[in-house]
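Trainee: The structure follows.
There are 2 protein chains.
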Amino acid sequence: MTDHLGPALAGTSPGTSPGVTAAAGFRASGVTAGLKASGSPDLALVVNDGPRQAAAAVFTTNRMVGAPVVWSRQVVSDGVVSAVVLNSGGANVSTGPEGFLDAHLTAERVATALGVSAGDVIVCSTGLIGERLPRENLLTGVDLAAAALAPDAGPQAARAIMTTDSVPKTAHVTVDTPDGSFTVGGMAKGAGMLAPAMATMLCVVTTDADVEARVLDAALRAATAVTFDRVDSDGCMSTSDTVTLLASGASGVAPSLDVLADAVLRVCASLARQLVADAEGASHDVAVHVVGATSQDAALAVARAVTRSNLFKAAIFGNDPNWGRVLAQVGTVPEAVAPFDPEAVDVSMNGVMVCQAARVHADRSDVDLASAREVHVVVDLHAGDASATVWSNDLTHDYVHENSAYST
Amino acid sequence: MTDHLGPALAGTSPGTSPGVTAAAGFRASGVTAGLKASGSPDLALVVNDGPRQAAAAVFTTNRMVGAPVVWSRQVVSDGVVSAVVLNSGGANVSTGPEGFLDAHLTAERVATALGVSAGDVIVCSTGLIGERLPRENLLTGVDLAAAALAPDAGPQAARAIMTTDSVPKTAHVTVDTPDGSFTVGGMAKGAGMLAPAMATMLCVVTTDADVEARVLDAALRAATAVTFDRVDSDGCMSTSDTVTLLASGASGVAPSLDVLADAVLRVCASLARQLVADAEGASHDVAVHVVGATSQDAALAVARAVTRSNLFKAAIFGNDPNWGRVLAQVGTVPEAVAPFDPEAVDVSMNGVMVCQAARVHADRSDVDLASAREVHVVVDLHAGDASATVWSNDLTHDYVHENSAYST
């Protein structure tokens with residue numbers, strides 16, 4: 306089964322990793338700019354000191370995007386990025402021309418502080434939609450962040466981008482090659498709304514590999530397609546999702562695309578898995594593995610149909626192996642999207658085949674959902690050799706509570 | 306705005322209507338067959354005494370269907386139906402050849418009791434998936450139901466098909482024409498899972514109009530497309546949804562298709578609105594009206610994107626007019642599906658325009674969500690003249706509780 310998130314945490318030092326400062330050639334900081342009412346850190350800066358300043362980024366596919374996304378798409382288009390500035394405490398979405406100016410001025414202020422071009426500064430914002438950021442706090446915060454830059458401050462940066470996250474997310478891997486070793490590290494935030502509509506997910510990945518922007522772009526797109534894109538359950542993305550990959554070249558090692566892509570994949574997988582583990586109010590992390598599909602797209606469509614179901618997710622919260630709700634969701638996928646014989650479908654939960662050939666099989670009481678946070682559901686379509694896994698969470702009282710009280 | 310559910314209850318005597326026995330030429334019953342552990346009524350029978358026995362039905366589009374749907378699709382294919390037998394206490398889905406035999410034997414038993422052909426008896430079942438019905442209880446129950454048939458027992462039938470419904474749903478209208486009056490009445494169940502994946506929704510509509518099966522089919526499809534199909538929020542249907550329309554011809558009145566269709570629409574709209582009002586654990590009924598779309602399909606796609614959002618639905622539960630969550634969902638609809646300028650979108654909640662041209666407008670504190678059960682959200686795309694409304698519910702603690710405990 307193709308599941309990069311299952312074994313994702315191994316060897317990536319989740320939580321204790323320096324994250325964006327694991328790779329050589331980067332400094333970072335995390336400070337309190339006064340954007341959050343709580344007084345918690347809310348502004349992070351990541352700087353690429355080179356010698357190379359190659360970059361790639363992927364952005365939300367949502368048609369409603371915030372000013373930072375509009376700005377940053379333009380910044381990364383030439384493959385050169387000197388710094389990434391990120392704030393929590395406000396998404397800067399639906400804020401009009403003044404909001405765009407806030408993003409622009411933030412990049413200008415970073416540029417002035419670092420002696421780089423504003424056109425090489427990516428801006429990311431996360432928080433409520435429809436409220437202006439306090440401009441003076443933001444710009445003063447940039448000065449503070451620039452002054453606090455340090456080559457070991459990745460953890461502070463990871464903490465400053467948290468919104469409803471309960472823990473910072475960091476990871477890194479070091480890869481030995483015949484020419485020497487290189488490192489890929491990163492940080493992410495986005496606990497709140499992974500299921501069913503991923504709200505703002507921000508991620509910065511850095512590497513000291515010596516590679517061009519087009520190689521970074523290929524490695525990043527390959528990684529996000531099977532990591533962050535497999536933790537949202539209905540393909541929806543927020544107005545602000547941004548994943549950036551920066552290369553400093555400081556290791557002097559120039560890995561092949563395959564070698565780099567594998568390392569980027571491992572870091573992204575670890576970060577994505579950490580997001581699932583910290584989803585707001587969840588009591589279970591749920592992996593839906595679809596096997597025996599005619600294509601990976603077909604497998605994905607079926608997996609997403611299952612993870613989209615509130616009924617299924619509420620049943621998991623109740624530790625109820627309600628495979629009928631799985632089967633009913635599998636049946637909603639059109640035949641043109643996923644050809645299979647409905648009468649042939651098997652469903653297993655945590656290793657117990659509760660449904661074989663679309664009929665009751667093992668006793669549902671044989672399934673133990675209560676004793677572990679991870680739940681694994683396997684749907685075998687018996688139609689081909691392709692597979693895909695989507696991770697989600699259960700639907701809990703706490704999810705409803707936290708998301709009904711978010712803006713108040 | 307095209308919203309048949311808003312004014313749906315007017316003139317249809319919801320709750321107090323005799324439902325399927327409002328029209329002449331029908332008898333019904335509701336009895337306790339012992340299918341439910343609770344001992345509540347669980348078997349209903351509706352009989353068309355003619356002189357005509359015309360019928361039409363629409364079924365779930367789910368590829369996983371129960372034995373009753375397989376059986377009943379065949380029954381209605383010739384446009385002749387003598388009776389509908391419905392049970393709660395078990396969906397008879399994923400029950401294999403023995404489950405199909407249960408459905409077949411149920412129809413045979415009805416046929417024997419009434420002196421009609423088993424091939425003219427529709428069977429509907431609702432309840433848990435993957436468990437066999439107790440066959441002897443079922444068949445003995447059919448005999449009880451046949452013995453209890455009465456021309457005024459529509460309310461008992463409506464009560465016997467309830468699962469997690471808190472109240473029976475009935476409605477009827479009588480239409481005066483130059484040739485005399487005719488009546489359309491009906492009953493429905495399906496409180497549990499309207500949002501986001503409508504689980505078993507069963508509905509029987511009867512009329513004493515004197516019309517052919519092909520006219521019934523046209524009237525029924527037109528009605529369900531803008532009523533029951535507009536209360537589920539992501540287009541998913543359960544394994545068992547069945548809506549049947551029977552005509553006895555007992556009034557001797559032969560209305561035109563338009564006149565009949567309007568009456569069927571009013572009854573279906575009332576029943577659909579009653580389903581929304583009784584959705585499990587909901588504290589708000591939420592109408593999302595999309596106007597200014599280039600086509601009705603575009604408007605529908607945008608409305609469904611909004612009503613599918615757990616974040617939006619949890620915010621409504623918290624009486625929080627979080628229009629950012631509306632806007633973010635609107636933005637997930639691909640341009641190919643719904644062309645519009647994201648920067649032009651307005652959002653109003655309960656009459657207050659909180660977002661104009663994708664930017665904050667009125668103060669969100671001006672919106673009162675707390676004082677009424679109904680919430681109206683209007684999304685104006687400013688792209689055309691088409692509109693559509695989808696009804697849903699908020700996402701509450703009680704929804705999670707009831708659906709995490711359903712099978713236990």
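Protein chains in written order, with our numbering: chain P, 306 to 713; chain D, 306 to 713. Just so you know, even glycine gets a beta-carbon here, dropped at the ideal spot from N, CA and C. All of these numbers come straight from a predicted model, not from anything done at the bench.
Roughly how many angstroms separate the alpha carbons of Ala528(D) and Leu580(D), rounded to a whole number?
Mentor: Here residue 528(D) corresponds to residue number 223 of the second sequence, with the count starting at 1. Here residue 580(D) corresponds to residue number 275 of the second sequence, with the count starting at 1. Roughly 15 Å separates the two Cα atoms.
Trainee: Taking Cβ positions, are Ala463(P) and Val336(P) nearer each other than 9 Å?
Mentor: Here residue 463(P) refers to the residue found at position 158 of the first sequence. Here residue 336(P) refers to the residue found at position 31 of the first sequence. Their beta carbons are not under 9 Å apart, which means Ala463(P) does not touch Val336(P) by this criterion.
Trainee: Which runs of the alpha helix (DSSP H) spanning at least 4 residues fall entirely within the region 384-451 of chain D, listed in chain order?
Mentor: The qualifying runs are 401-419.
Trainee: With DSSP as the reference, label Gln661(P) as helix, strand or coil.
Mentor: Along the first sequence, one-based indexing puts residue 661(P) at 356. Note: Gln661(P) maps to strand in three-state DSSP.
Trainee: Quick check on this structure: which residue in Leu605(D), Val659(D), Val657(D), Asn624(D) has the alpha carbon closest to the alpha carbon of Val635(D)?
Mentor: Here residue 635(D) refers to the residue found at position 330 when the second sequence is read from its first residue. Comparing Cα positions, the closest option is Leu605(D).
Trainee: How long is the line joining the alpha carbons of Leu570(P) and Ala524(P), rounded to whole angstroms?
Mentor: Within the first sequence, the letter at position 265 stands for residue 570(P). Within the first sequence, the letter at position 219 stands for residue 524(P). Rounded to the nearest angstrom, the two C-alpha atoms are 8 Å apart.
Trainee: Per DSSP, what kind of secondary structure is Thr307(D) in: helix, strand or coil?
Mentor: If you number the second sequence from 1, residue 307(D) lands on position 2. Three-state result, Thr307(D): coil.
Trainee: Quick check: the Cα distance between Ala362(D) and Val375(D), rounded to an integer number of angstroms?
Mentor: Position 57 of the second sequence, counted from the first residue, corresponds to residue 362(D). Position 70 of the second sequence, counted from the first residue, corresponds to residue 375(D). Rounded to whole angstroms, Ala362(D) to Val375(D) spans 13 Å at the Cα level.
Trainee: Quick check: what's the CA-CA separation for Ser600(D) versus Pro647(D)?
Mentor: Your numbering for residue 600(D) matches position 295 in the second sequence. Your numbering for residue 647(D) matches position 342 in the second sequence. Straight-line Cα distance between these residues: approximately 16 Å.
Trainee: If you measure beta-carbon to beta-carbon, which residues of the region 452-469 of chain P are closer than 7 Å to chain B?
Mentor: Absent from the structure: chain B. Protein chains present are P and D.
Trainee: Name, going along the chain, the residues of the region 628-642 of chain D whose beta-carbon falls closer than 9 Å to a beta-carbon of chain P.
Mentor: Listed in sequence order: Trp628, Gly629, Arg630, Leu632, Ala633, Gln634, Val635, Gly636, Thr637, Val638, Pro639, Glu640.
Trainee: With a cut-off of 8 Å, do at least 3 Cβ pairs link the region 583-603 of chain D to the region 386-398 of chain D?
Mentor: With the cut-off at 8 Å, the region 583-603 of chain D and the region 386-398 of chain D do not touch.
Trainee: Between the C-alpha atoms of Ala416(P) and Ala423(P), what's the straight-line distance to the nearest angstrom?
Mentor: Counting from 1 along the first sequence, the entry for residue 416(P) is found at position 111. Counting from 1 along the first sequence, the entry for residue 423(P) is found at position 118. Cα to Cα, Ala416(P) sits roughly 5 Å from Ala423(P).
Trainee: Specify the secondary structure class of Pro501(D) as computed by DSSP and reduced to three states.
Mentor: By 1-based counting over the second sequence, the position of residue 501(D) is 196. Bear in mind that the predicted position of Pro501(D) carries a pLDDT of just 40, short of 50, making it too unreliable to give a figure here.
Trainee: Our contact map puts Ala328(D) next to Ser486(D) with C-beta atoms below 8 Å; I'd like the distance itself, whole angstroms only.
Mentor: Residue mapping note: residue 328(D) aligns to position 23 of the second sequence, counting from 1. Residue mapping note: residue 486(D) aligns to position 181 of the second sequence, counting from 1. Rounded, the Cβ-Cβ distance is 11 Å, inconsistent with contact.
Trainee: Please list, in chain order, all residues of the same chain as Ala360(P) whose beta carbon is under 8 Å from its beta carbon, the five residues on each side excluded.
Mentor: As a position in the first sequence, residue 360(P) is number 55, starting the count at 1. Asn353, Val381, Gly384, Val385, Val386, Ile427, Ala518, Leu521, Thr549, Leu550, Leu551, Ala552.
Trainee: Among Ala643(P), Gly557(P), Val642(P), Val593(P), which has the Cα closest to the Cα of Ile621(P)?
Mentor: Stepping through the first sequence from its first residue, residue 621(P) is reached at position 316. Comparing Cα positions, the closest option is Val593(P).
Trainee: What do you get for Ser322(P), buried or exposed, if any count of 16 or more other CB atoms within 10 angstroms of its CB means buried?
Mentor: By 1-based counting over the first sequence, the position of residue 322(P) is 17. Label assigned to Ser322(P): buried.
Trainee: Does any C-beta atom of chain P lie closer than 9 Å to the C-beta of Gly623(D)?
Mentor: Counting from 1 along the second sequence, the entry for residue 623(D) is found at position 318. It does: the Cβ of Gly623(D) has a partner Cβ on chain P nearer than 9 Å.
Trainee: For chain D, find out if any of its Cβ atoms is closer than 9 Å to the Cβ of Leu686(P); answer yes or no.
Mentor: As a working note, residue 686(P) is residue 381 in the first sequence. Not closer than 9 Å to any Cβ of chain D, the Cβ of Leu686(P) fails to qualify, so no.
Trainee: Going by the CB atoms, is the gap between Val558(D) and Ala619(D) shorter than 9 Å?
Mentor: Translated into positions along the second sequence, residue 619(D) becomes position 314. Translated into positions along the second sequence, residue 558(D) becomes position 253. No, these two residues do not count as a Cβ contact at 9 Å.
Trainee: Report the neighbours of Ala584(D) on chain P: residues whose CB is nearer than 8 Å to its CB, in chain order.
Mentor: Counted from its first residue, the second sequence places residue 584(D) at position 279. Correct list: empty, because the minimum Cβ distance to chain P is about 12 Å.
Trainee: Where do the ends of the beta strand (DSSP E) carrying Leu674(D) lie?
Mentor: Residue numbering aside, residue 674(D) sits at position 369 when the second sequence is read from its first letter. Note, Leu674(D): premise wrong, no beta strand (DSSP E); not H, not E.
Trainee: Using a threshold of 9 Å, state whether the C-beta atoms of Ala603(P) and Phe645(P) are closer than that.
Mentor: On the first sequence, residue 603(P) is found 298 positions in, with the first residue counted as 1. On the first sequence, residue 645(P) is found 340 positions in, with the first residue counted as 1. Their beta carbons are under 9 Å apart, which means Ala603(P) touches Phe645(P) by this criterion.
Trainee: For the alpha helix (DSSP H) holding Lys618(D), just list the boundary residues, first then last.
Mentor: Counted from its first residue, the second sequence places residue 618(D) at position 313. Element bounds for Lys618(D): 615-622.
Trainee: With respect to the beta strand (DSSP E) encompassing Ala693(D), which residues constitute its N-terminal and C-terminal limits?
Mentor: Counting from 1 along the second sequence, the entry for residue 693(D) is found at position 388. Here the beta strand (DSSP E) through Ala693(D) covers 691-698.
Trainee: Using a Cβ distance threshold of 8 Å, determine whether the region 487-494 of chain P contacts the region 464-478 of chain P, with at least three qualifying pairs required.
Mentor: Contact holds: three or more Cβ-Cβ distances are below 8 Å.
Trainee: Determine, for Met654(P), whether the minimum Cβ-Cβ distance to residues of chain D falls below 9 Å.
Mentor: Numbered from 1 along the first sequence, position 349 holds the residue referred to as residue 654(P). Cβ-Cβ to chain D under 9 Å: no for Met654(P).
Trainee: Scan the region 421-445 of chain P for residues whose Cβ lies nearer than 9 Å to a Cβ of chain D and list them as they occur along the chain.
Mentor: Going along the region 421-445 of chain P in chain order, one finds Leu433, Ile434, Gly435, Glu436, Arg437 with a Cβ nearer than 9 Å to chain D.
Trainee: Do we get a CB-CB distance below 9 Å when we pair Asn392(P) with the residues of chain D?
Mentor: Along the first sequence, read from residue 1 onward, the residue named residue 392(P) stands at position 87. So, not an interface residue.
Trainee: Any contact of the region 447-463 of chain P with the region 406-420 of chain P, i.e. 3+ C-beta pairs under 8 Å?
Mentor: Yes, the region 447-463 of chain P is in contact with the region 406-420 of chain P.
Trainee: Any Cβ of chain P within less than 9 Å of the Cβ of Leu700(D)?
Mentor: Stepping through the second sequence from its first residue, residue 700(D) is reached at position 395. It does; some Cβ of chain P falls within 9 Å.
Trainee: How many angstroms separate the CA atom of Ala455(D) from the CA atom of Glu436(D)?
Mentor: For the purposes of this step, residue 455(D) is taken as residue 150 along the second sequence, with counting starting at 1. For the purposes of this step, residue 436(D) is taken as residue 131 along the second sequence, with counting starting at 1. In a straight line, the C-alpha of Ala455(D) is about 31 Å away from that of Glu436(D).
Trainee: Using a Cβ cut-off of 7 Å, pull out every chain P residue sitting near Thr599(D), in sequence order please.
Mentor: Translated into the one-based positions of the second sequence, residue 599(D) becomes position 294. Within chain P, no residue comes near Thr599(D); the closest Cβ sits about 14 Å away, beyond 7 Å.
Trainee: Specify the secondary structure class of Gly557(D) as computed by DSSP and reduced to three states.
Mentor: One-based indexing of the second sequence puts residue 557(D) at position 252. Gly557(D): coil per DSSP, three-state reduction.
Trainee: State the Cα-Cα distance for the pair Ala566(P) and Cys573(P), rounded to the nearest angstrom.
Mentor: Against the first sequence, residue 566(P) aligns to sequence position 261. Against the first sequence, residue 573(P) aligns to sequence position 268. Using only the alpha carbons, I get a separation of about 10 Å.
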